[in-house]
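Chemist:
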Amino acid sequence: MKKLFVLLLVLPLLSFTLHKYYVALTEIEYREDTQSVQMIMNVFMDDIELAINKDHNTNLKIATKDELKSIDEHFYKYLKTHFKVIINNEEKTYKFIGKEYDGNIVYFYLEIENVSLPKSIKIENDILVNHFPDQQNLIKATVKKERKSLFLSSDNYKGLLNF
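920 is the number that the working numbering gives the last residue of the sequence shown; the numbers go up by one with no jumps.
Below, the structure written as structure tokens:
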């Protein structure tokens with residue numbers, strides 16, 4: 758019985774260590790008080806580094822003493838190409854507020870200013886899918902305490918949320 762219990766406990770744990778998961782999360786919140794849309798995107802540091810290094814023929818050296826001084830420009834350029842936000846049928850340009858490293862995750866802080874109450878938010882997100890076909894991008898959006906979610910992938914990288 759003990760052997761069966763150990764086997765049942767260990768097998769699922771091994772499956773997590775043998776397979777790498779490619780998931781990025783973007784949280785979107787409409788702030789009525791500032792009439793802005795604030796976004797936080799997190800991705801695995803090594804994945805985004807590989808993608809940008811290959812796409813832009815560079816070597817970012819993320820979170821090292823040799824990190825490129827222009828790294829924020831590389832991040833923003835990549836995000837603008839692979840992450841689009843359409844609010845109330847109008848594509849919006851977001852500002853790159855900054856980034857933060859936490860362990861093996863990089864958090865991107867983005868903001869769209871002067872936004873009237875969103876009735877719809879369309880997301881086009883193909884972050885990392887060119888390099889990682891199993892990449893999945895989870896979007897969670899909140900408008901006036903109403904939460905909606907999208908699960909995007911390489912096969913389906915666009916989605917619409919209606920509020």
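Glycine included, C-beta positions come from ideal geometry on N, C-alpha and C.
Indicate the three-state DSSP secondary structure (helix, strand or coil) for residue 791 in the structure shown.
Modeler: In the structure shown, residue 791 sits in coil (DSSP, three-state: anything other than H, G, I, E or B).
Chemist: Which residues in the same chain have their Cβ closer than 6 Å to the Cβ of residue 878, if we skip the five residues on either side of it in sequence?
Modeler: Here the set comprises 844, 898, 918.
Chemist: Just the Cα atoms here: how many angstroms apart are residue 881 and residue 849?
Modeler: Their Cα atoms are separated by approximately 12 Å.
Chemist: Determine the contact status of residue 851 and residue 825, defining contact as a CB-CB distance below 9 Å.
Modeler: No.
Chemist: Would residue 836 be called buried (16 or more neighbouring beta carbons within 10 Å of its own) or exposed?
Modeler: Counting Cβ neighbours within 10 Å, residue 836 comes out buried, since at least 16 surround it.
Chemist: Does the region 885-902 come close enough to the region 778-789 to have 3 or more Cβ pairs within less than 8 Å?
Modeler: Yes, since at least three Cβ pairs between the region 885-902 and the region 778-789 fall closer than 8 Å, the two stretches touch.
Chemist: In chain order, what residues of the same chain have a beta carbon less than 8 Å from the beta carbon of residue 817, not counting five sequence neighbours either side?
Modeler: Result list for residue 817: 806, 809, 810, 824, 825, 828, 831, in chain order.
Chemist: Which residue wins for smallest C-alpha separation from residue 915, given the options 872, 822, 840?
Modeler: Out of 872, 822, 840, 840 has the C-alpha closest to the C-alpha of residue 915.
Chemist: What are the start and end residues of the alpha helix (DSSP H) that includes residue 810?
Modeler: Start and end: 802-813.
Chemist: Is residue 838 helix, strand or coil when you go by DSSP?
Modeler: It is helical.
Chemist: Can you tell me the Cα-Cα spacing of residue 886 and residue 911, whole angstroms?
Modeler: Residue 886 and residue 911: Cα-Cα distance of roughly 6 Å.
Chemist: What residues in its chain sit with their C-beta under 8 Å from that of residue 759, if we drop five residues either side in the sequence?
Modeler: Bear in mind that the predicted position of residue 759 carries a pLDDT of just 47, short of 50, making it too unreliable to give a figure here.
Chemist: Who does residue 856 pair with in a DSSP beta bridge?
Modeler: Note: residue 856 sits in a beta bridge opposite 865.
Chemist: Roughly how many angstroms separate the alpha carbons of residue 798 and residue 901, rounded to a whole number?
Modeler: Near 20 Å, if we compare the C-alpha coordinates of residue 901 and residue 798.
Chemist: Please go through the same chain and pick out, in chain order, the residues whose beta-carbon is closer than 6 Å to the beta-carbon of residue 889, but skip the five residues on each side of it.
Modeler: Hits under 6 Å: 779.
Chemist: To the nearest angstrom, report how far apart residue 802 and residue 861 are at their CA atoms.
Modeler: Spanning the two alpha carbons is a distance of roughly 5 Å.
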